[in-house]
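Protein sequence lines correspond, in order, to chains A and B.
Those letters in the first sequence? Residues 1 to 718, by this note's numbering.
Those letters in the second sequence? Residues 719 to 1436, by this note's numbering.
Where a beta carbon is used, it is the ideal one built from N, C-alpha and C, also for glycine.
There are 2 protein chains.
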Amino acid sequence: MPAEDRKERVRALLDAVRADGRTALTAPEAKVLADAYGIAVPGEELARDVEEAVARAARFDGPVVMKIVSPDILHKTEAGGVVVGVAGAADVRAAFHRIVAAARAYAPVAHIEGVQVQELLPSGPAAQEVIVGAVTDPTFGKVVAFGLGGVLVEVHKDVTFRLAPVDADEALSMLDSIRAAQVLRGVRGAPGVDRGAVAEQIRRVSQLVTEFPEIAEVDLNPVVATPRGALAADVRVLLADRAPAPRRTYTRAEILASMRRLMRPRSVAVIGASNEPGKIGNSVMRNLIDGGFSGEIHPVNPRADDIEGRKAYKSVTDIPGEVDVAVFAIPAKFVASALEEVGRKGVPNAVLIPSGFAETGEQGLQDELVAIGERHGVRLLGPNIYGYYATWQGLCATFCTPYDVKGPVALTSQSGGIGMAILGFARATNTGVSAIVGLGNKSDLDEDDFLTWFGEDADTRCVAMHLEDLKDGRAFVEAARATVPKKPVVVLKAGRTAAGARAAGSHTGALAGDDAVYDDILRQAGVVRAPGLREMLEYARALPVLPTPKGDNVVIITGAGGSGVLLSDAVTDNGLRLMEIPADLDASFRAFIPPFGAAGNPVDITGGEPPSTYEATIRLGLEDARVHALVLGYWHTIVTPPMVFAESTARVIEEFRARGIDKPVVASLAGDVEVEEACRYLFERGVVAYPYTTEQPVAVLGAKYRWARAAGLLGGDR
Amino acid sequence: MPAEDRKERVRALLDAVRADGRTALTAPEAKVLADAYGIAVPGEELARDVEEAVARAARFDGPVVMKIVSPDILHKTEAGGVVVGVAGAADVRAAFHRIVAAARAYAPVAHIEGVQVQELLPSGPAAQEVIVGAVTDPTFGKVVAFGLGGVLVEVHKDVTFRLAPVDADEALSMLDSIRAAQVLRGVRGAPGVDRGAVAEQIRRVSQLVTEFPEIAEVDLNPVVATPRGALAADVRVLLADRAPAPRRTYTRAEILASMRRLMRPRSVAVIGASNEPGKIGNSVMRNLIDGGFSGEIHPVNPRADDIEGRKAYKSVTDIPGEVDVAVFAIPAKFVASALEEVGRKGVPNAVLIPSGFAETGEQGLQDELVAIGERHGVRLLGPNIYGYYATWQGLCATFCTPYDVKGPVALTSQSGGIGMAILGFARATNTGVSAIVGLGNKSDLDEDDFLTWFGEDADTRCVAMHLEDLKDGRAFVEAARATVPKKPVVVLKAGRTAAGARAAGSHTGALAGDDAVYDDILRQAGVVRAPGLREMLEYARALPVLPTPKGDNVVIITGAGGSGVLLSDAVTDNGLRLMEIPADLDASFRAFIPPFGAAGNPVDITGGEPPSTYEATIRLGLEDARVHALVLGYWHTIVTPPMVFAESTARVIEEFRARGIDKPVVASLAGDVEVEEACRYLFERGVVAYPYTTEQPVAVLGAKYRWARAAGLLGGDR
């Protein structure tokens, strides 16, 4: 059907349903949509009375399925409104009466239009039930779903999601994204299903919901897939009550222009600067000055001439020259009028530290700020934040304790508490950061904007973000896709398990718990998801330290056999691959280890060995181009004390780096407390090392691999 | 059938199969076993030729299944040897010819006995395929399995295991132990299956393999379960090549008697004691003396009169009086003769530090020690160990660094490297231990023995064990079941993912990866399994500190909303339950928190609150008897600095404890580095607190709950 005819027909039908005051389409209506978009369904016809049913059934070759048709009955099976495999006139008659009687008993006031008589779908081992659907996600908009069908679908939740629309290749990729992928390819001698036909059902559903955003949910459940096709046995379509309001968007160039002035300002004004210790306006001033910010710092306070040794202005409008950032340190009720002045001055960025807005129920006060910002072109960070740090600028625009360890990782947090945890962890581990940013209420600037900036920022080599929600999931995905090829993006998505609260009118809806959708779509955007706060912090600290692996071959070299076993567990848990050591390399390893040590992988050099054995085997691993990453298991002994191991290992790594050989090396140190110093020493020299854990170093290596794959830096997809 | 007849009939059949040189039973043979044990199967008969098939089929009411019968064809479907739903003489004839032809093509030399004609099993939504089986696990012996059947069984691996035999109740519990349990109870209007009939199939299979240990595997796949019964559609039985050799066992009283002398010795001899610093025999002597051991210490060395100020003996036999423990610090090759002397002296325990035995391939040398030990009744710890610590005795019988922080947790490790990690972690966190024991090669004493002892040891309130294998899984389960009601047992099972290497001849075998069986059976034994090394260490440190919860109601009190969200995620991840706060308690919380703070659960007191708000809300949680555990989320602010929070919280907890109210309280501290000191302060005072992580405190609370449930100290089973 030509696209225009198709749209016209669906438009007319949806309008009629709306006019009827309904949001759920009947089966015949849904079939009109399916036909318009080429979604394959079994032959079927509506029978308004029992004799019509007999006539319809006679037309199909073989037994039929009979189903109640009523706009008031959504769950037909529960209503006793479905009979499968009816053959012969007598049985069709009996089934018709039974269905109508059951439906009347189930919903006495339901309007019953008749009974649908449908071609019986194929069954048996060659027929596989799958589910294809689409939902409207509050964060990501139209999302298409594919999974295995059948009675177990809600038990196993073996389902995958993509942003709609999808093209043919992406649709096909969904068949391989479920755990039961192999079943679709055929197992135990059974033939596989027609993958192209299934993918086509997915693609067409995604096209339908994209072209008609008012369609909230589509559910093809089941789609019966066989080696010769895929038919949707049931099509359910639900309309949204209303279309979501469009959000204001900015171009990439606009975002980068304002972000550059926010993150590399030449001039900062502090609205509400104060001389009084303990006041936020004083803490911010002191942090700006003590942090060593080399640009201009202008205190603004109508009741002071001089603050912390700087000339104070009555209003931001009195400051001579351009101002890049206005940091607000005044109570909520005064913010709007001060923001007006900031707008008149032409300041592009307002950093709104004060709380007392949406988070305390004062949504109106916050909306007012947003309106002022939009009117004047002022972008807002916050409100309700601790501020932000840009260490390479010496900028601590915050009331918290200053932090000045420059480095490659940029971190953001939606919550102030998590911001303080970031700060404490960074200080405790001496993690170098390029920025720490509080996003708070995200009235305007949010993760997309910062991701866009950090993607371009040469001082940032890794981005880590704590978030509880995304205002615009698609904008985030776009920013992530632009950034991931250049640097890792780590996300801690909080509120994972709070899902399930969404009212769902379809199977797909019930499967699309918030987190299931987040998880699939963030992964497709190439984001490395951290399972918890500590992991986000460890990934942020370690990922920029580790060089990018050039292949999948991981080798464990261990002094402790016991660590080797646990490290192997961790390698498997993290989706990494233990290299199968080639015979020549195995022989090389064996030359250095005792005869009872184990070559293979893990390479077990045994615990009694001197530093030279660790060194020689590590050299072998670095030298051999077939090895791509090393996992070291150190065992504290009198023969090889921790710092001796650390110094020797760091020296070897450094030597190879000078030769241009730079592979990721992580280490687990098992020993007495001296291993802690050895870990710090190694970490500072590019070996990601942890004491008393075999899991952490491998988890970090796994995160690096996940990023490298997403960034397309490793061949294949594991 | 009377038990004796049953056994006799099976005995005769198995002997005939053996005599035939086979290990796989044919379907008719398997049916004899099934009938003898009352395992319900469909009606079926063997047809040796095509006319016999027609006659057999005519006897059953409805269509039949036809299957090839050949001792040489195990995978009938792959061989094209199965046709389902054959009805009428013509079709039966055609099917017979087709099956035989396909089987000949598949396995030209196979001996074909005929075609089995079988009653067609029920199908449709009310018929659920499940799998019931039994395998012989190298660690646990006969293990019975139950899971969901169908083509997806190997994809979803939704299967559960129990030690065989099981009684009716335990069999029934297996139906609820799979993820798809709800399906068996009936979903979406479909009726549930006959649970009793399914459980009976499980029970009877477990009885069969228990009474005939030579049966290696049994596979009922599928069992078709309906609301009116459960029939095994296919029964496969495999015999073992040989029965496993029985192991020598000790009574509980014998174990306790020798363990008491090992762990609370009055007199210790050091074989190979030395004055030369750096030698193991010197390190052991120095550690025994410096550790403050108050019993007798007798150095044994034929070439010295005096060692570290103590009279040295030429031989252990020269020592006057009884000796409880002989610690060996001599090279492997001298151990056997010294052990003979130890045996002659009547010393009940030999601690074999030396390496150079089974771990280096010298199995013969190790077997010699075991034989000497058995002859003289000397129990052996090791060889190939770092030794052991018994802090309450001041005993450091090890060559490693001494450790003397007395406390409630006993730790064992199979690996020396992991032992060093235990030592370092304990020292770094000031964890009080009752014992640290290296088990090494486990030539004799193993986890069962130590678990039996620690279960009785009044100084031990928590046991944590690192292990790579169990010599006797059933003995371990028995010891764990005796210990768990009294104190938590934490196990880190290494080598989780190395499984899958086992050659499996049945579906059940393929599902029974080593770790799947370990995981189920350890859980049933009440063991708290740690997912990794660090978790084992953290559980060991924290579990004895936390009081036992008296119910399931967990309340989160947080200053940081962001921490509250992450703590909620962690609560769900750990299988804990966020209390639904009753209205009166909610009102009480609201009285203390700002109007925009959130009561409910988490109780969000908001970040700007003074210490008094934390204190008041914590008091409420402790006071209210409906609240059973508290999770605190602290946010570092100027108003409530870390140590102020820590001191106030510790004071309140102490006050309630003095009143006899002692609930588990864990805390996540988000803040700058001062939170580390605050965490140490809190931990020492009974509040399990961690910095920079929301996951760790809740994981530990989750471990405490898992133990409390296993110990029967909480109502219900979640």
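- Restricting attention to beta strand (DSSP E) runs no shorter than 3 residues, the segment 1383 to 1432 of chain B encloses them at 1383 to 1388, 1406 to 1409, ordered along the chain.
- With contacts defined as CB atoms closer than 9 Å, Pro320/A and Pro354/A fail to qualify as a contacting pair.
- CA-CA distance, Val873/B to Val130/A, rounds to 15 Å.
- For Asp624/A, not one C-beta of chain B is nearer than 9 Å to its own C-beta.
- Counting only residues of its own chain and dropping the five nearest sequence neighbours on each side, Ala1200/B has a CB closer than 6 Å to the CB of Gly1173.
- Taking 9 Å as the cut-off, the beta carbon of Tyr1352/B is found closer than this to the beta carbon of Ser1386/B.
- Closest option to Ala825/B, judged by alpha-carbon separation, among Thr1147/B, Ala797/B, Glu1059/B: Ala797/B.
- Contacts between Tyr1410/B and chain A, judged by CB atoms closer than 8 Å, involve Ala421, Gly424, Phe425, Ala428, Leu533, Arg534, Leu537 in chain order.
- The segment 847 to 863 of chain B and the segment 1191 to 1207 of chain B touch, with three or more beta-carbon pairs separated by less than 8 Å.
- Residues of chain B with a Cβ closer than 9 Å to the Cβ of Phe450/A do not exist; the shortest Cβ-Cβ separation is about 17 Å.
- When only Cα atoms are considered, Gly272/A and Leu492/A end up about 34 Å apart.
- Beyond the five residues adjoining it in sequence on each side, Ala480/A comes within less than 8 Å, by CB distance, of Leu451, Val489, Leu522, Ala525, Gly526, Val527 in the same chain, given in chain order.
- Nearest CB-CB separation between Cys1118/B and chain A: below the 9 Å threshold.
- Closest by C-alpha distance to Ala516/A, out of Lys157/A, Leu238/A, Val433/A, Lys406/A, is Lys157/A.
- Interface criterion met: the Cβ of Pro1312/B is under 9 Å from a Cβ in chain A.
- Burial state of Glu1298/B is exposed, judged by a 10 Å Cβ sphere holding fewer than 16 other Cβ atoms.
- Sorting Glu609/A, Asp584/A, Leu585/A by C-alpha distance to the C-alpha of Phe596/A places Glu609/A at the top.
- Burial state of Val351/A is buried, judged by a 10 Å Cβ sphere holding 16 or more other Cβ atoms.
- By the rule that beta-carbons nearer than 9 Å mark a contact, Val1405/B does not touch chain A.
- In terms of Cα proximity to Leu1188/B, the closest of Asp1342/B, Cys1180/B, Leu1163/B, Glu932/B is Leu1163/B.
- Residue Gly124/A holds the alpha-carbon nearest to the alpha-carbon of Gly192/A among Ala94/A, Thr251/A, Gly124/A, Val235/A.
- For Ala326/A, not one C-beta of chain B is nearer than 9 Å to its own C-beta.
- Residue range 877 to 881 is occupied by the beta strand (DSSP E) that includes Arg880/B.
- A residue is called buried when at least 16 other Cβ atoms come within 10 angstroms of its Cβ; Gly532/A meets this threshold and is buried.
- Taken in chain order, the complete beta strand (DSSP E) segments of 3 or more residues contained in the segment 563 to 648 of chain A are 629 to 635.
- Chain B places no beta carbon closer than 9 Å to that of Ile131/A, leaving this residue out of the contacts.
- Contact between the segment 5 to 24 of chain A and the segment 42 to 61 of chain A is absent: fewer than 3 CB-CB pairs across the two stretches fall below 8 Å.
- Residues Asp1322 of the same chain have their beta carbon placed closer than 6 Å to that of Gly1279/B, with the five preceding and five following residues left out of the count.
- Under the DSSP assignment, Ile255/A falls outside any beta strand (DSSP E), being part of the alpha helix (DSSP H) whose first and last residues are 252 to 263.
- Secondary structure at Phe334/A: helix, using DSSP grouped into helix, strand and coil.
- Residue pairing of Ile653/A in beta bridges, as defined by DSSP: absent, with no partner found.
- Thr1078/B carries a helical assignment under DSSP once its states are collapsed to helix, strand and coil.
- In the structure shown, the three-state DSSP call for Gln1132/B is coil.
- Judged by DSSP in its simplified three-state form, Gly292/A adopts coil rather than helix or strand.
- With contact defined as three or more Cβ pairs closer than 8 Å, the segment 251 to 270 of chain A and the segment 211 to 222 of chain A are not in contact.
- Judged by DSSP in its simplified three-state form, Met285/A adopts helix.
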